[in-house]
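Take the sequence shown: its position 143, counted from the start at 1, is 143 in UniProt numbering, and no numbers get skipped. These notes are about the structure you will find just below.
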Amino acid sequence: MVRKPKTIPGPSRLSQILVQLTKEPRPRLAGLKSLHLTLAARNDHFGARHFVKEDLPRIRYANPEIEIQVNKTPKSLSDRWKPEMIIEFSEVDILVAAHLLYAWLACIADNGTKRTLSMEQKWSSTIFTELMDMTAGTWWAQWKKERIEAGLPIVEEPKPEQKKVPHLPSGTAFLLDPSRPKTGAAAVLP
């Protein structure tokens, strides 16, 4: 017979992932056909890589019909290429446009065209905001207006992780202090 735990279990990993995927604002991108991202596999393009890790799964979850292609290529120190995102808009059908008027109005000028978004030297939240400005439509403008009026940031900016300082016992800190006077054999040796 299995024992029951005496503590209340915390949220499961799956529920935490679902909370991350469904957090507001939900990136509903009507009128978008595909996203093609090109960035360094490591050691560069940090904002773009963070965008791929944090925001791209949310975009995929909210828009399963969008083709998303990520090209992570090796980059050496001598290479000087920049990360970019190519946004391809879908051709809007008139009947679909009648049902999704806001999406049609947002995409009528971009019917089947491609745009390039530079991701160089940008935070992931800035990349997300610029993508939403290009593709989201009127609900995104309403979201931005509400957040600004409330005095809140449009999207939550990532916070840098604080470096953890190891806890040293008080005697150890004294021994590791370089300004402490030398004693014993250390005082005699050069």
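Here a beta-carbon is modelled for each residue, glycine too, at the ideal position from N, C-alpha and C.
From residue 162 to residue 68, what distance separates their C-alpha atoms? The alpha-carbon atoms of residue 162 and residue 68 are separated by roughly 33 Å.
Please confirm if the segment 36-48 is in contact with the segment 113-128, defined as three or more CB-CB distances below 8 Å between the two stretches. With a cut-off of 8 Å, the segment 113-128 and the segment 36-48 count as touching, because enough Cβ pairs lie within range.
Among 78, 13, 113 and 155, which residue has its Cα nearest to the Cα of residue 26? 155
So what does residue 69 bridge to, in DSSP terms? DSSP output for residue 69 lists 36 as bridge partner(s).
Spatial neighbours of residue 144 in its chain, beta-carbon cut-off 8 Å, leaving aside the 5 residues before and after: 154
Would residue 5 be called buried (16 or more neighbouring beta carbons within 10 Å of its own) or exposed? Exposed: under 16 other Cβ atoms inside 10 Å.
Measure the CB-CB distance between residue 118 and residue 33 and report whether it falls below 8 Å. no
Can you tell me which of the three DSSP states residue 154 falls into? coil
At 4 residues or longer, and completely inside the segment 112-163: list those alpha helix (DSSP H) runs for me, N to C. 124-135 and 138-149
Exposed or buried, residue 94, counting other C-beta atoms within 10 Å across all chains shown (16 or more means buried)? The predicted model places residue 94 with a pLDDT of 42, which falls under 50 and marks its position as unreliable; any figure quoted below should be read in that light. By the 10 Å Cβ count, residue 94 comes out exposed.
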